[in-house]
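Sequence lines, in order, name chains S and G. Position one of the first sequence corresponds to residue 1 (this note's numbering), numbered consecutively onward. Position one of the second sequence corresponds to residue 1001 (this note's numbering), numbered consecutively onward. So the structure is just underneath, and the comments pick up after that.
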Amino acid sequence: MMIARLAFQSLLNRWVTALLTVLAIAMSVMLLLGVEKVRTGARESFADTISGTDLIVGARSGSLNLLLYSVFRIGNATNNVTWKSYQDIAKMPEVSWIVPLSLGDSHHGFRVLGTNQDYFTHYKFRHGQTMKFAAGGPFKDLFDAVIGSDVAEQLGYKVGDKIIVAHGVGSISFIEHEDKPFRVSGILAKTGTPIDRTVHVSLEAIEAIHIDWQNGAPVPGQSISADQVRKMDLTPRAITAALVGLKSRLATFKVQRRINNYEEEPLSAIMPGVALQELWGLIGTAETALSVVSAMVVATALLGMVTMILTTLNERRREMAILRSVGATPATVLGLLAVEGGLLTLAGVVIGTAGLYAGLYLAQPYIDHTYGLSLPIDPPRPDEWLKLGAIIVAGFLAGLLPALRAYRLSLADGMMVRI
Amino acid sequence: MASPGAAREGKSPLDAVSFADVRYSWPGPSPFTLTINDFKLRNGEKLLLLGPSGSGKSTFLSLLAGIVVPDRGRIDVSGEDMATLGGAARDRFRVDHFGIIFQMFNLLPYGSLIDNVLLPIRFSKLRRDNALRGGALEDVAKRLLLALGLDETVIATSKAASLSVGQQQRVAAARALIGAPQIIVADEPTSALDRNTEGAFLKLLFEQSNEVDASVIMVSHDEGLAAHFDRVVRLQDIAQSQRGGRS
Chain S
1 MMIARLAFQS LLNRWVTALL TVLAIAMSVM LLLGVEKVRT GARESFADTI SGTDLIVGAR
61 SGSLNLLLYS VFRIGNATNN VTWKSYQDIA KMPEVSWIVP LSLGDSHHGF RVLGTNQDYF
121 THYKFRHGQT MKFAAGGPFK DLFDAVIGSD VAEQLGYKVG DKIIVAHGVG SISFIEHEDK
181 PFRVSGILAK TGTPIDRTVH VSLEAIEAIH IDWQNGAPVP GQSISADQVR KMDLTPRAIT
241 AALVGLKSRL ATFKVQRRIN NYEEEPLSAI MPGVALQELW GLIGTAETAL SVVSAMVVAT
301 ALLGMVTMIL TTLNERRREM AILRSVGATP ATVLGLLAVE GGLLTLAGVV IGTAGLYAGL
361 YLAQPYIDHT YGLSLPIDPP RPDEWLKLGA IIVAGFLAGL LPALRAYRLS LADGMMVRI
Chain G
1001 MASPGAAREG KSPLDAVSFA DVRYSWPGPS PFTLTINDFK LRNGEKLLLL GPSGSGKSTF
1061 LSLLAGIVVP DRGRIDVSGE DMATLGGAAR DRFRVDHFGI IFQMFNLLPY GSLIDNVLLP
1121 IRFSKLRRDN ALRGGALEDV AKRLLLALGL DETVIATSKA ASLSVGQQQR VAAARALIGA
1181 PQIIVADEPT SALDRNTEGA FLKLLFEQSN EVDASVIMVS HDEGLAAHFD RVVRLQDIAQ
1241 SQRGGRS
C-alpha cells in the first residue's frame, strides 16, 4: 500500500514522460483490441454474406468454386444447369423455394445477374435482412435492371438511366448488347455484400439479349429487335446456378445427396455456411498476420516503458538512497520499480480499452454504412480479457527489469550516493 | 536474535555506539581498507567527527548505519551487534535506531513536507509507536517542523522541491528526529548553509535531540563547527585507512 502510493507519487512527479508512456501503451492496446473487433466483425459479416439459403446448386465443381461464382461473383461457372434440371429440383417435395441465377454478362466490370423477383425476397444476409430499395423498385418490364449501391455510386446512375450490357465479364468488353438497352428501375440500399456490385435483370432479359446469338457471338444478318423479342418465348434453356430453400432444414443432407446423384446431369449442391467457413479458413491467414503485428506493437510499447524507467533510474538513485536511509530494504526499492511498471501498464490498458469502445461507439455507424462491416460493441470476450491480463502481467514483469538494476544500484550505493 | 526494540526497553548501555577492532575493505578494482580499533559514542553525546574528504568518512557512515558489515570486529549499537542481523533486519534496525540527515537532496521532491517527515514512520513500528505518544502523526510532524523554525503556511502549502536549501535541511532534521531514534547521524548537513543559518540550524537540532535524548554524530571537514559540540574526534586519530591492495 505504502509502496503503491510512493510509486504513484513518484510517477506524478514525472507525469509528462509517464503520460506519454501510458498513451503509447494505450494506443497499442487499442490497436490490439481493435484488430480483434475488426476480425470478429469481418468474420461475422463474411459468414452472413448469404443466409436463409439452405443449398446452392450448380454444375458439378468444387464447393468453393460454386460459392465464389454464385455468391461472390468471382470466377466463372464450369458449366450450366439445364432448365429441366432446375424444374426437377423445384418439384422436389422438400423444396420450399428456388431462385435461378444466370451469370456471364457484365456492365463496366460489374457482373450482370439474371434472376427473378423471388431473389429480392429470398436472398438474405446479415442476420436475415432482406434487400431494401434505396430508390425505385424491382424490375417490371423485360428490359428493367436493378443495380447495387456500389454500381449506382461509382457509375453515377439514377433510376430511369439507360445502360447497355456487355457480353462476357471483363471490365472492357468489345461485344455489347447495344441493340437492347436496359432502364434502371431500382437502386438497392447498401448491404456490404457482393449484391452491391451487381446489376440484376430478369432471367427472361438474359434470354432476350442472347436470342440472336450463337456460340458467344451475334449471328450476322439475324438481328432481332427489342420489340420483336417481347413477343417470343423467353423461357431460358439453361441457368448458371440456383439458390434453394427447404421446408425443413433437417432435409438438407437428403436433398443435397439427391442433387449430387442426379442422373441426367452432373450437379453439385453445397451448404453455403460450410463453404463460407472453408473460404474463411483460406483467407484467415491474413487475420493471423494482423494479430501478430498488433501483438508486436504491444511489445514495442512495453519496451518503450522499460526504456523510460531505465533512463530515469540514474536521477532517482538519490530517491532510492533516501528510502534506504529511512529503512526501506533493497527489496522495497525493487517492488517500487516493479509496481511502477505495473501501474503504467494498467493505466495504459484501461485507457486503451476505454478509448477503443469510445471510438467504436462513434465510428460504428459510419463503418457500417461505408464498408458494410458491422463491428460488434460488446464487452471483451474471455480471450480478450485474457489478453488484457497478459499485457498487465507482461508490463509488471517488464518493470522488474529496471527494478533489478535499481536493486543492484541500491545495494551498491546504500545511502551514500556520490553525485 | 534480539528484537531491535529490546535493547532500548531493556538494558540501558552507556554507549550508544561502539566500534571494536573493526576492519572493512571495499571490494572492487580500487580496494580501500579502513581499520577502527576503538570508537565510542556515548548516550546523549553531541560528537563532531572531523576528517578531510577521502579519509573514509563515507565508509565510516556506511559501517555505522549498517549498510555494510565489517570483515572483522564488532559494531554495537545500543548494545546490539549489527553484524548478527540479516540484510532486511539491518534495514529495519537502521530506521528504528538512526535518524539520518544527508549533505543535501534529503527530500523526495514530489512529497509534501509532512509526507517527507513521516517517511521513517512508514518503515518502523517502533518509531511509529513512539511518535503516536505525542498525538496524531500529522500533528507530531507539524510540531517538529514548527519547532525547527518552519512557518505554518510553508508547512501547509509547499512541496519539498520548492524549499530553500536551509528549509530542506530543517525538514530533513525533522524526519531524522521523528519517533525519537537514539542516534542522529548527520553527514555535513550544513555545508550548503551560511554561517548564521548554520548556527541556528545546529542549535535547533540539538534542542530537539535533547528533547528525545538522542545522541548526535556529525561528520564534517569544517573545524569551525567544533564549538557547538561536546566532543570533537578526528577520523585519522581513530581510524587507519589504506588504499590499494588488501593486506
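No residue lacks a Cβ here, since even glycine has one placed at the ideal position from N, Cα and C.
Inter-residue spacing [alpha-carbon to alpha-carbon] between Arg-1195 of chain G and Asp-1129 of chain G: Straight-line Cα distance between these residues: approximately 36 Å.
Three-state secondary structure (DSSP) of Leu-1119 of chain G: helix
Reduced DSSP category for Gln-117 of chain S - H, G, I as helix; E, B as strand; rest coil: coil
Within-9 Å CB hit, Leu-1146 of chain G to chain S: no
Beta-carbon proximity list for Val-95 of chain S, same chain, < 8 Å, skipping 5 on both sides: Ile-89, Val-244, Gly-245, Leu-246, Lys-247, Val-255
Range covered by the alpha helix (DSSP H) that runs through Leu-144 of chain S: It is Asp, not Leu, that sits at residue 144 of chain S in the sequence shown. No alpha helix (DSSP H) contains Asp-144 of chain S, which is instead part of the beta strand (DSSP E) from 144-147.
Neighbour flag for Glu-44 of chain S against chain G, beta carbons, 9 Å: no
Member of S:Val-326, S:Ser-149, S:Phe-125 whose CA lies at the smallest distance from the CA of Ala-47 of chain S: For Ala-47 of chain S, the nearest C-alpha among the options comes from S:Phe-125.
Integer Cβ distance of Val-199 of chain S from Val-151 of chain S, believed to fall under 8 Å: 6 Å
Identity of the residue in S:Val-184, S:Val-339, S:Ile-56, S:His-167 nearest Pro-272 of chain S by Cα: S:Ile-56
Euclidean distance between Cα positions of Gln-1149 of chain G and Leu-1205 of chain G: Checking the sequence, you will find Gly at residue 1149 of chain G rather than Gln. Cα-Cα distance, rounded: 10 Å.
Local Cβ density within 10 Å of Lys-1011 of chain G, reported as buried at 16 or more and exposed below that: Because the pLDDT at Lys-1011 of chain G is just 43, under 50, the model does not fix this residue reliably, and the value given afterwards should be weighed accordingly. Label assigned to Lys-1011 of chain G: exposed.
Beta-carbon proximity of Ile-147 of chain S to Ile-187 of chain S, cut-off 9 Å: yes
Status (buried if at least 16 other CB within 10 Å, exposed otherwise) for Glu-207 of chain S: Glu-207 of chain S is buried by the Cβ-count criterion.
Closer than 8 Å: Ile-322 of chain S CB and nearest the ligand COA heavy atom: Because no ligand of any kind appears in the structure shown, any question about the ligand COA cannot be addressed here.
Where Ala-1020 of chain G falls: helix, strand or coil (DSSP): The answer is strand: DSSP assigns Ala-1020 of chain G an E or B state.
Thr-1033 of chain G - DSSP class collapsed to helix/strand/coil: strand
The beta strand (DSSP E) enclosing Lys-180 of chain S, as first and last residue numbers: No beta strand (DSSP E) holds Lys-180 of chain S; DSSP gives it neither H nor E.
Selection of the segment 1110-1123 of chain G by Cβ proximity to chain S, strictly under 7 Å: Tyr-1110, Gly-1111, Leu-1119, Pro-1120, Arg-1122, Phe-1123
For Gly-1054 of chain G, the nearest candidate out of G:Ser-1018, G:Gly-1066, G:His-1221, G:Leu-1193 (CA to CA): G:His-1221
Within-9 Å CB hit, Ser-149 of chain S to chain G: Chain G, which has no Cβ nearer than 9 Å to the Cβ of Ser-149 of chain S, makes this no.
Simplified DSSP assignment, three categories, for His-127 of chain S: coil
Below-9 Å beta-carbon distance, Phe-1039 of chain G vs any chain S residue: no
Any C-beta of chain G under 9 Å from that of Pro-330 of chain S: yes
Test: Arg-1094 of chain G CB closer than 9 Å to a CB of chain S: yes
Supposed contact pair Val-81 of chain S and Ala-241 of chain S - C-beta distance, whole angstroms, cut 8 Å: 7 Å
Inter-residue spacing [alpha-carbon to alpha-carbon] between Ala-1172 of chain G and Ala-1141 of chain G: 11 Å
Start and end residues, beta strand (DSSP E) containing Leu-32 of chain S: Segment 15-47 is the alpha helix (DSSP H) holding Leu-32 of chain S; no beta strand (DSSP E) there.
C-alpha distance - Gly-342 of chain S paired with Gly-395 of chain S, whole-angstrom precision: 5 Å
Partners in chain S for Asn-1043 of chain G, counting only beta-carbon separations shorter than 7 Å: What Asn-1043 of chain G touches in chain S: nothing, since even the nearest Cβ is about 22 Å away.
Short-range partners of chain G found in the segment 111-138 of chain S, where Cβ spacing is below 9 Å: Cβ contacts with chain G come from no residue of the segment 111-138 of chain S.
Cutoff 9 Å: Arg-408 of chain S Cβ touching any chain G Cβ: No - not a single Cβ of chain G is within 9 Å of the one on Arg-408 of chain S.
Gly-1066 of chain G (DSSP reduced to helix, strand or coil): coil
Residue from S:Thr-191, S:Ile-259, S:Asp-144, S:Pro-236 with nearest C-alpha to Gly-58 of chain S: S:Ile-259
Sheet register partners of Val-1219 of chain G (DSSP bridge): Val-1219 of chain G is bridged to G:Leu-1049, G:Asp-1187.
Gly-1010 of chain G in three-state terms, based on DSSP: Since pLDDT at Gly-1010 of chain G reaches only 40, below the 50 mark, its modelled position is unreliable, and the value read off the structure follows with that caveat. In the structure shown, Gly-1010 of chain G sits in coil (DSSP, three-state: anything other than H, G, I, E or B).
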